[in-house]
Structure formats: structure tokens, C-alpha cells
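Chemist: Sharing a structure here in C-alpha cells format.
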Amino acid sequence: MGDRTARLIFDDREIVLPIVEGVEGNHGFDISRLRADTGYVTLDYGFANTAGTSSAVSFVDGTAGELRYRGYPIEQLAAKSTFLEVAYLLFHGEMPTPEQLKTYTASITHHTLLNEEMKRLFDAFPKSAHPMAILASATNAMATFYPDFHNPRDPYAVEQSALRLVAKLPTVAALAYKKSIGQPYIYPRNDLDYAANFLHMMFALPVEEYQVDPVVARALDVLLILHADHEQNCSTSTVRLAGSSQANLFTSVAAGMSALWGPLHGGANQEVVETLERIHADGGNTAKWVAKAKDPNDPYRLPGFGHRVYRNYDPRAKILKSFAYEVIERMGANDPLLDIALKLEETALADDYFVSRRLYPNVDFYSGLMFQALGFPVHMFTVLFAIGRLPGWVAQWKEMSEDEENKIGRPRQIYTGHPKRDLP
Ligand code: MLT
């Protein structure tokens, strides 16, 4: 906390609010004592002006269009590191040494299997079940298999739960997918790296050899890196809020997954590809769809454009766009959707409506196309986002549990219902 203060004047009173300085980005008025001192609360729909916490995990510079994990720019991490290194970095705060990475990787591979009893849970879902529902349910169910690891104050229990989650989530996701297409479950292969093993569990069959393409595995790894953390977004805030009641890590993460599923959050990558498919089927007239999105009498909005924090191009979208063609070509896919996406972006960004509102492509605009090029079906896109975001959820939950300032999340309200009244 610095020495600067702000003054709030209302009626005939003046309140002094301490100013909390961030290293970069937002500084804040500390209103922790506001209600106690004045009887007033603040009203901030969507928490657009509210820092729910201080955090050292990741930082978005929305004006410059930059994202950093623990200080490291996302471009450098995408170019030079692996997803497991990033997961380690987010959790521990520093990049692993070669020895630390070896131990961490061994711990992850040690935990890739699910308890066999978990399989019955998957069988209970209808074939048509969205894998996000299965993912969140299975993650919550995992808590029941590890009841001795629930104490948020026990660093060993937290670390083991985090390892288990990162190790097992791809297994859960692949099982959910195999169920949805009626294929036999494929067990993990611990000789493969994280992304390659996931591709193997997704696409291998017991009846024939499956070769993981290293270029595809690396592209998936980069996609996961790009999704790994993003400050206090909706799902991360949900993980923190659930965890603030000292709910265990598994169940807090399951809550975050439910928040991620929504089309305004992680579900947007699925919406983008569905929109591109619609535009393609409609003859590829991007100008028509841009006009539709601008029409004030039409509730339609183009998914994948605009972001609460970025007033500039989302740096993750920039990285994805830069290697989209390469990956799509490598996969031998002549994807007309990428051309439509590029044309849609060009049309939108040549339009003052989008530019003046700073509606630039966000991560979801290109991620779905990439996931599709790698062979993933549309209903798995948000699951892939969840696997990528998991290290961030876990790191933020840990940070919250260790923060002495932390208390149970319990917002106030401005009541607008009936005043007290009596039944007749
Ligand atoms: C995210 O990565 O979580 C999304 O861009 C949403 C957000 O940050 O609000």
C-alpha cells in the first residue's frame, strides 16, 4: 500500500480511501472499510471496476494487447516452453530447473490413470451429453476419491490435488469424447508427452496403431499454453469464490468449469466455428454478417470479437493467427472457414463500428479453427480451453488459500424488493 489517498465526499461527509498501487495496470481505491465507516456499499455490475483480489499470477495490459504469466510475455512462453513448464511456472511462481521439470513431469505421468470405479460415472451419462457437463461432474467426483487431500491449509494436499488434476483431466476429457462417439476408452501412455498422450487417448483405437504427429502435438501444446491463465476472468473468479469457503480444490475447479461452459466465456470458441459454418453455408458473404451484428434492432453479436479487458488485438489471437495456415496445411485440410475468418476479420476491422468500439478478435476467434484443424470436434473445444486453463485455476486457488487477507466471498446487494409486509 502506498501513501496516496483518495477523498470521497457525499452529503456533508468526507471519507479518505487509501490507494493501493499495482506494479503495472490498475491501481485501486481500497474500500474495505467503506461500509463499516459510512453504511454505504458500492454497486458494480459484472465487477467491471472491482478488483476482487490482488494477484501475482498473470497480467493483461489491455491497451497494449499484452499478456504475461508470472512476468513472462505469452509470446516467449509459446515459443520457448512447454505446457507442463508453464503449469509449473504458474503454480510455483518460477520456471522449473531441468531437475524440477523432470520430477514434475514424472509426478504428472504417475497420476494419469483414473480410478477404475470412475468409469461407471461416465456410463451413467446419455451418449448425447455435452463433454463439459461430464468434465465438471467427473472433476467433482474426483474429490470423493481423495478425501484426505481436501485441506486447503495443507501444502502437501494442495500440491497433490493440483498434480492429480493436471494429470487426469486429459484422461477425463478423452473418456468423455470416446463415450460420445461410442468408441472404447483408450488408456494413457506415459511414454508420451502431455499433449501427445492426450491426442493418443482421443484418437487411437485398440485395433490399429496410432502415430502422434509431433507438429500436431506441439500445436496443441501451444494452444494449451495460450489458455493457461488470464487474470480474474469469470471461471477463475468462480474457482476463487468457491474456494473462499474452503471448498476443496477439485470441487472449486469443477465450479470454474461450469462457469467456463457459458457461450460468453469458454463456450465462445464453439460459437465462433458454428458462426463461420453458417456464413459459409450462406455463401460466405461476411459483409452481410457484419451488418447484422451492427444492426441495433438485431440482438445478434459476432462471437469472438471484443473483450472486457483488451482494447486492442488479443495477443493470443495474434499468435494463433500467425500459425493457423501452417497447422491447417500440415493437417492437409483445405479449410474454407479460415478464409472466411480472415475475411470476416478484415471486413470488421475496416468498419468504424468495430474499430471505434475496439472490437478486435479475441482468443476464441481463432482457437476453435485450430482445434478443428487438429481433428477435435466442435463440442470438445470448450473442454480444450478447460484443460489449458486448469493450471491457472489451480495457481489462483493456491494463491487465494495462502493469502492472509482472504475471507469468504460474500458480496452485498442493493435491495429492490418489497419493504417488510405482513401476510393477510
Ligand atoms: C479468458 O481467457 O478467460 C477470456 O479471455 C475471458 C476473460 O479474460 O475475461
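Taking my numbering, the leading residue of the sequence shown gets 730, the next gets one more, and so forth. Note that beta-carbon positions come from the ideal geometry of N, C-alpha and C, so glycine has one too.
With respect to 6 Å, is the separation between the Cβ of H959 and the closest non-hydrogen atom of the ligand MLT below this value?
Modeler: H959: yes, Cβ under 6 Å from the ligand MLT.
Chemist: CB of R797 to nearest heavy atom of the ligand MLT: below 6 Å?
Modeler: Answer for R797: no, Cβ out of range of the ligand MLT.
Chemist: Check the C-beta distance from T715 over to Q961 and give it rounded, since I have them as a contact under 8 Å.
Modeler: No answer is possible for residue 715: the residues shown for the chain start at 730 and end at 1153.
Chemist: On a Cα-Cα basis, can you pick out the residue from I744, S836 and K908 that is closest to I760?
Modeler: When only C-alpha atoms are compared, the closest one is I744.
Chemist: Am I right that M847 and A865 are in contact with their C-beta atoms under 8 Å? What's the rounded C-beta distance?
Modeler: With a Cβ gap of about 14 Å, M847 and A865 do not count as contacting.
Chemist: Can the beta-carbon of D1024 be found less than 7 Å from the beta-carbon of N1091?
Modeler: Their beta carbons are not under 7 Å apart, which means D1024 does not touch N1091 by this criterion.
Chemist: For G1154, which residues of its own chain have a beta-carbon under 6 Å away from its beta-carbon, when the five flanking residues on both sides are left out?
Modeler: With the chain covering only 730 through 1153, there is no way to say anything about residue 1154.
Chemist: Decide if I738 is buried, meaning its Cβ has at least 16 other Cβ atoms within 10 Å, or exposed.
Modeler: Answer is exposed; the Cβ neighbour count stays below 16.
Chemist: Less than 7 Å between the beta carbons of A1070 and L1103, yes or no?
Modeler: Against a cut-off of 7 Å, the Cβ pair of L1103 and A1070 comes out as no contact.
Chemist: Kindly indicate which three-state DSSP category R799 falls into: helix, strand or coil?
Modeler: DSSP places R799 in coil when its eight states are reduced to three.
Chemist: On a CA-only basis, which of A1016, M1060 and Y914 is nearest D942? Give me that one, please.
Modeler: Selected option, being the one with the closest Cα: M1060.
Chemist: Taking the Cβ atom as the reference point for each residue, do W990 and T1111 lie within a distance shorter than 7 Å?
Modeler: Yes, these two residues count as a Cβ contact at 7 Å.
Chemist: Starting from V1092 and walking both ways along the alpha helix (DSSP H), at which residues does that stretch end?
Modeler: That run of the alpha helix (DSSP H) goes V1092 to A1102.
Chemist: Taking the beta strand (DSSP E) that E743 falls in, what are its first and last residues?
Modeler: Unbroken beta strand (DSSP E) run through E743: R742 to V749.
Chemist: Hey, how far is the Cα of Y939 from the Cα of A925?
Modeler: Rounded to the nearest angstrom, the two C-alpha atoms are 11 Å apart.
Chemist: Within the same chain, show all residues whose beta-carbon is closer than 6 Å to that of V1001, passing over the 5 residues directly before and after it, in chain order.
Modeler: Answer for V1001: P1032, G1033, D1093, F1094 and G1097, listed in chain order.
Chemist: Rounded to the nearest angstrom, how far is the Cβ of L819 from that of Y801, given a contact under 8 Å?
Modeler: The Cβ separation is near 10 Å, so there is no contact.
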